[in-house]
Amino acid sequence: MKIVIAGGTGFVGRALTKLLQEKGHEIIILTRHKSGRENDIHYVQWLQQNTRPEQLLDDVDAFVNLAGISLNNGRWTKKQKKAIYTSRMEATLEIVRIMERLTSKPKVLVNASAVGIYPTSTTTIYTEDSTDYATDFLGTTVYDWERHAKRAEKLGVRVALARFGVILGRTSGALPSMLLPYKLHIGGTIGSGEQWLSWVHVEDVARAIYFAITNNDIHGPFNVTAPHATRMKDFGITIASVMGKRHWMPVPSFAMRLVLGEQSTLVLEGQHVLPTVLEKHHFTFNFPHLNDALKDLL
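Residue 256 in UniProt numbering sits at position 256 of the sequence shown, with consecutive numbering throughout.
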C-alpha cells in the first residue's frame, strides 16, 4: 500500500513508520521542509505558501493524520493553547482539502484523537459508545479535531478516529518525565493517586493504527488504550517495583498546579477508558499489562 503520514517524524509517527517499513509499504511523509527522498521514504512539503502536495500524491491508499503540537510541549498559556488547537485544525482541514483534489480518493483516513474527549472521572468507565464529552480545553479541542476529520466521509473515505490514551515510550511521550522523580529517589504518588491513567505502549499504538488501516470494519472512534487501565498510585508503585526504587514521597495537587498550571490536568485528572472496538475486532495487544510494558520499556 501507499500510505501518507502527517506528523510522521513525531513520537507516534516514527513508531508507525518503522512498522510500515518492516511490512514493505510505500511511505510518504508530509513535511514543512523541502520535498525529497531519504531512507526509502518520500517527503512531500505541505502547509507552506504555494505548496500543492496533492500533485505528488497519486493513487494513495491511506492517510494517517498525527500532526499537531504536543500537549506536553510547555505550559498551557493562552498562546500555547491556541497553537495546540490551531495546529490540529489546520493540518486536518488541509488533509481534507488534499483529498478533495485527488482524482483517486484514498480508502481510509486514520485521524489521531485522544481520550481527553471524555470527562474526567474516578468512577465512570468510558467506551466508544459513551456520548458524554468533556467541555474543557482538551475536550473541546479533541471534539473539533474529530469533527473536521469526519468531513472526509463526504468524499467516500472511511474515517477512523484513534482516541489515544497516555502513550508510553522509552525516550518520548509521558514516561520519561514520570520516571525522573524515581531516578532521583523522590518518586511517589501524584495528587490523590485515585485518578485513572489509561495508558498504552507506543508499539501497540502503531499496531492499532495499522490494524485500523487494514480492517475495513473499523470506522468512527476507537480507543487506543491498553485493556487494563490503572490508578495513578498503582502506576507509580509499578514503576518503583520495575526500577527497584522507593515509592514514598507524595506530590500534592497544589504543587503540580503551581508548576504546570492547566496542563496539570493531564496527570491530576484522568479517565478509565476501554478499547472496546479493538477488542471486538480481535486486535491483540502485545502489552496488555502495565508491568510487562514497563519491563520492556525500561
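Every residue, glycine too, gets a C-beta built ideally from N, C-alpha and C.
Remember, it's a predicted structure, so these values are computed and weren't measured experimentally.
Taking the CB atoms as reference points, tell me whether Ile190 and Val267 lie closer together than 9 Å.
For the purposes of this step, residue 190 is taken as the residue at position 190 of the sequence shown. For the purposes of this step, residue 267 is taken as the residue at position 267 of the sequence shown. Yes, the pair counts as a contact, with Cβ atoms nearer than the cut-off.
Quick one: what does DSSP say Asn73 is sitting in, helix, strand or coil? Your numbering for residue 73 matches position 73 in the sequence shown. Look at Asn73 here: in three-state DSSP terms it is coil, with no helix or strand label.
Would you report the Cα separation of Trp248 and Thr9, rounded to the nearest angstrom? As a first step, residue 248 must be located in the sequence shown, where it is residue number 248. As a first step, residue 9 must be located in the sequence shown, where it is residue number 9. Our two residues, Trp248 and Thr9, have alpha carbons roughly 37 Å apart in a direct line.
For a cutoff of 9 Å on Cβ pairs, would you count Ile213 as touching chain B?
You won't find chain B in this structure, because it holds only one protein chain.
(Q) For a test of the three-state rule: what should DSSP assign to Gln55, helix, strand or coil? (A) The sequence position of residue 55 within the sequence shown is 55, counting from 1. Look at Gln55 here: in three-state DSSP terms it is helix.
Check your understanding: Is Pro221 helix, strand or coil by DSSP?
Key -> As a first step, residue 221 is located in the sequence shown; it is residue number 221 there, counting from the start. Three-state DSSP puts Pro221 in a strand.
Who are Gln45's beta bridge partners in DSSP? The sequence position of residue 45 within the sequence shown is 45, counting from 1. For Gln45, DSSP records a beta bridge to Thr31.
Margin query: Can you tell me where the alpha helix (DSSP H) holding Leu258 begins and where it ends?
Written below: For this step, residue 258 is matched to residue 258 along the sequence shown. Ser253 to Leu260 is the span of the alpha helix (DSSP H), which, as asked, contains Leu258.
Using a threshold of 9 Å, state whether the C-beta atoms of Ala67 and Ser87 are closer than that. Position 67 of the sequence shown, counting from 1, holds the residue named residue 67. Position 87 of the sequence shown, counting from 1, holds the residue named residue 87. Yes, Cβ-Cβ distance for Ala67 and Ser87 is below 9 Å.
field: Beta bridge counterpart(s) of Asn111 as assigned by DSSP
entry: Translated into the one-based positions of the sequence shown, residue 111 becomes position 111. BP columns for Asn111 point to Asn65 and Leu161.
Quiz prompt | Exposure label - Trp27; buried when at least 16 CB within 10 Å | solution = Numbered from 1 along the sequence shown, position 27 holds the residue referred to as residue 27. Before going further, note that residue 27 is Ile rather than Trp in the sequence given. Burial call: buried.
inquiry  = Please state the DSSP three-state secondary structure of Tyr118.
reply    = Numbered from its first residue, the sequence shown carries residue 118 at position 118. Under the three-state reduction of DSSP output, Tyr118 falls in the coil class, being neither helix nor strand.
Worksheet item: Taking C-beta to C-beta, are Val224 and Pro275 nearer than 9 Å?
Response: For the purposes of this step, residue 224 is taken as residue 224 along the sequence shown, with counting starting at 1. For the purposes of this step, residue 275 is taken as residue 275 along the sequence shown, with counting starting at 1. Their beta carbons are under 9 Å apart, which means Val224 touches Pro275 by this criterion.
- Item | Closest by C-alpha distance to Glu146, when choosing among Ala134, Asp136 and Val159 | Residue mapping note: residue 146 aligns to position 146 of the sequence shown, counting from 1. Check the Cα spacing between Glu146 and each of Ala134, Asp136 and Val159: the tightest is with Val159.
_Please tell me whether Arg56 and His42 are closer than 9 Å, where the distance is taken between their beta carbons._
If you number the sequence shown from 1, residue 56 lands on position 56. If you number the sequence shown from 1, residue 42 lands on position 42. Checking the displayed sequence, the identity of residue 56 turns out to be Leu instead of Arg. In contact: Leu56 and His42 (Cβ atoms closer than 9 Å).
Quick check on the DSSP output: the beta strand (DSSP E) that includes Gly36 runs from which residue to which? Here the question's residue 36 lines up with position 36 in the sequence shown. Segment Gly36 to Glu38, the beta strand (DSSP E) holding Gly36.
| query | So who's on the other strand from Ile5, going by DSSP bridges? | reply | Here residue 5 refers to the residue found at position 5 when the sequence shown is read from its first residue. Residue pairing by DSSP puts Ile5 in a beta bridge opposite Ile29 and Val64.
* Asked: For the putative contact between Leu102 and Glu54, defined by C-beta atoms under 8 Å, what is the C-beta separation to the nearest angstrom?
  -> Position 102 of the sequence shown, counting from 1, holds the residue named residue 102. Position 54 of the sequence shown, counting from 1, holds the residue named residue 54. With 8 Å as the limit, Leu102 and Glu54 qualify as a contact, their Cβ atoms being about 6 Å apart.
Requested in this report: Compute the Euclidean distance between the alpha carbons of Asn73 and Tyr143, then round it to the nearest angstrom.
Outcome: Against the sequence shown, residue 73 aligns to sequence position 73. Against the sequence shown, residue 143 aligns to sequence position 143. Taking the straight line from one Cα to the other gives about 21 Å.
### Query
From this set, Leu290, Lys295, His281 and Glu269, which residue's C-alpha is nearest Val122's C-alpha?
Walking along the sequence shown from the start, residue 122 turns up at place 122. It should be noted that the sequence gives Thr, not Val, for residue 122. It is Glu269 whose Cα lies nearest to the Cα of Thr122.
**Prompt:** Whose CA, out of Arg32, Asp129, Glu128 and Lys81, lies closest to the CA of Ser70?
**Reply:** As a first step, residue 70 must be located in the sequence shown, where it is residue number 70. Cα-wise, what sits closest to Ser70 is Lys81.
Which of helix, strand or coil does DSSP assign to Gly193?
Locating residue 193 in the sequence shown gives position 193, where the first residue counts as 1. Three-state DSSP puts Gly193 in coil, outside helix and strand.
To the nearest angstrom, how far is it from the Cα of Lys150 to the Cα of Arg246? Position 150 of the sequence shown, counted from the start, is the residue given in the question as residue 150. Position 246 of the sequence shown, counted from the start, is the residue given in the question as residue 246. Computed Cα separation, rounded: 46 Å.
#### Entry: Neighbourhood of Phe283 by C-beta distance below 7 Å, restricted to the same chain and skipping five residues each side
Residue 283 sits at position 283 when you count from the first residue of the sequence shown. Excluding sequence positions up to five before and after Phe283, its CB lies within less than 7 Å of the CB of Ala208 and Phe211, all in the same chain and listed in chain order.
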